[in-house]
Structure formats: structure tokens, C-alpha cells
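Chemist: In my numbering, the protein residues as written are 41 to 319. Glycine is no exception: its CB is placed at the ideal position from the N, C-alpha and C atoms. Note that the coordinates shown come from a computational prediction; the quantities given were computed from them, not determined experimentally. Okay, here's the structure, questions in a sec.
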């Protein structure tokens, strides 16, 4: 009898537990198997958390891509909180063109967040690769009502960019995950919870306009922003048409709002019409 790999067993267990409790269950598994911490944190998507940048005073989102140990890097100041060793910071902190693109991308997604989400928090992080660069764009919006309702939307867009040798075009690979958590607690519906996540991938080859470095950098920001916007629109439509539509059908089949007496009367009238047509 073969023994299951602990990492695969942990992922299999998390898939079967409630999506709204992923963070709590993930922490429990890590406490039991500390050697799986790095692999699990880089493989399991959980709801994003935010911190306040000490230098700029602005909020930013925390994920595995801006983490070094227990410290997180702010995209606004490019500094880690809590601070890490200068030698370590120099290795994991973007510089030069990557940092310039990161600053421009953060400004762009901040405008997008305000227009589409009307609030919330956004962050973008980039880092250099041997050929090209990679990054992630994050959005988080939470809402709550005094009547017992709550809602949370977390979208994580991870991208990889490979530039052509001529720097006239680039290949973009985007993997997007949306984590949705809705809940309502009232006397009418008791305790209702709808949670889950959706992941999609896309790959495009886009042109790079201009000859100078700043023009090429701006083209990257525009291409990334357009891909993220298109992917978010597509995933919102999928959630609305498939996820919510299917949930509505299931609830409608299980629970009828119409009183049973009215339903029986309508059914009898319908059968009477059918009988008369038959005669």
C-alpha cells in the first residue's frame, strides 16, 4: 500500500473543506506540517489581507509575491515591513525599469479600481526574470450590511511576460483567480453562505509601441492593464451567468416562495384546461 504524499493530501483536504474557511484550515494544516508552509502558501489561493504602508500611509495588499518571511513589501514605498536585512532586500526589491513599470502599473490599476469597484484596495508587484519579467495585480473589495449581510471579492492576476529579441512584441501569459464570499443571516433565510473560487488562463502576443525605453515600458503597462480588464469582465460574466444562475435554479427547485395552496390551485386549473382541450 503506497503512502499519500503529504502535500497532495493537504491540497485534497482543502478542496473538500468549506471555501470560506480556507485561511483557517490552511493555518491548521501548516501548524501540523510546518515543512509544507512554503509550498502551501505558494499554491493555495486565499482571501487577500491588507497592511498600511508606514512611509506613504496608503493601504496595500499582501500575498506570497510580495512576501519575504514574515515581511511584506509595499508597492508605494518599495520597502519591507517589518524591515529585512539590506542584503536580502537588495535581492528581492525591483529596481530600474521593472520598478518604473511597477509604479506606472500601480497608478493605472488604482484608477481602474476606483472606476470599477468604487472603493476597495489594489496593488501590483513586478519582478525581473532571466528573459522578461513577471508580476501580479491584486484587487480586494469587502462590503457588509447592518442586517447581517456580508460580501467579499478578491481577484489575483499572475502574469509572465517574455519579450521578443527585437523588443517589438511580447508574449503575455495571465492566470487569474477570483475568490467570492457572500453571506446573509436573517430570520427569513436563516444562515445563507455562498463561497468559492474561479480560475482562468489566457495567453496573448501584443505589440510594443515606440523605440525608446520609456515608450516600451508604457506599452507593457497598457497591454497588462487591457488583459486584466478583459479577464475580469469575462470572469464577472461567468460568475453572474453560471455561478449565480445555477445557484438560483437549485434554490428555486428546493424552496418555493409560492404557498402550497396556490400552487395546487394553479396545477388543478392547468390540468382542467388540458382535459377540456383533449375532449
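Looking at residue 212 and residue 243, is the spacing between their C-beta atoms short of 8 Å?
Modeler: Along the chain shown, one-based indexing puts residue 243 at 203. Along the chain shown, one-based indexing puts residue 212 at 172. Yes, the pair counts as a contact, with Cβ atoms nearer than the cut-off.
Chemist: When you compare each of 125, 248, 54, 270 to residue 110 by their alpha carbons, which one comes out closest?
Modeler: Sequence index remark: in the chain shown, residue 110 carries index 70 (1-based). Nearest option by C-alpha distance: 125.
Chemist: CB-CB under 7 Å to residue 141, same chain, minus the five flanking residues each way: which ones, in chain order?
Modeler: Here residue 141 refers to the residue found at position 101 when the chain shown is read from its first residue. Answer for residue 141: 166, 257, 260, 261, listed in chain order.
Chemist: Closer than 7 Å by C-beta to residue 249: which residues in its own chain qualify, once you throw out the five before and the five after it? Chain order, please.
Modeler: Here residue 249 is taken as the residue at index 209 of the chain shown, counted from 1. The answer, listed in chain order, is 255, 259.
Chemist: Nearest by alpha-carbon distance to residue 127: which of 108, 138, 145, 137 is it?
Modeler: Along the chain shown, one-based indexing puts residue 127 at 87. Closest option to residue 127, Cα to Cα, is 108.
Chemist: Pick helix, strand or coil for residue 41, following the three-state DSSP scheme.
Modeler: In the chain shown, counting from the first residue as 1, residue 41 sits at position 1. Because residue 41 carries a pLDDT of 44, less than 50, the predicted location of this residue cannot be relied on, and the following value inherits that uncertainty. DSSP places residue 41 in coil when its eight states are reduced to three.
Chemist: DSSP three-state label for residue 286, please.
Modeler: Stepping through the chain shown from its first residue, residue 286 is reached at position 246. Looking at residue 286 - three-state DSSP - the assignment turns out to be helix.
Chemist: Please report how far the alpha carbon of residue 41 lies from the alpha carbon of residue 59, in whole angstroms.
Modeler: The residue you call residue 41 lines up with position 1 of the chain shown. The residue you call residue 59 lines up with position 19 of the chain shown. Any reading at residue 41 is ruled out, since the residue's pLDDT is 44, under 50, leaving its predicted position unreliable.
Chemist: Name the two residues that bound the continuous beta strand (DSSP E) containing residue 223.
Modeler: For the purposes of this step, residue 223 is taken as residue 183 along the chain shown, with counting starting at 1. Where residue 223 is concerned, the enclosing beta strand (DSSP E) stretches over 209-226.
Chemist: What is the residue span of the beta strand (DSSP E) that residue 92 lies within?
Modeler: Locating residue 92 in the chain shown gives position 52, counting from the first residue. Note, residue 92: beta strand (DSSP E), 89-92.
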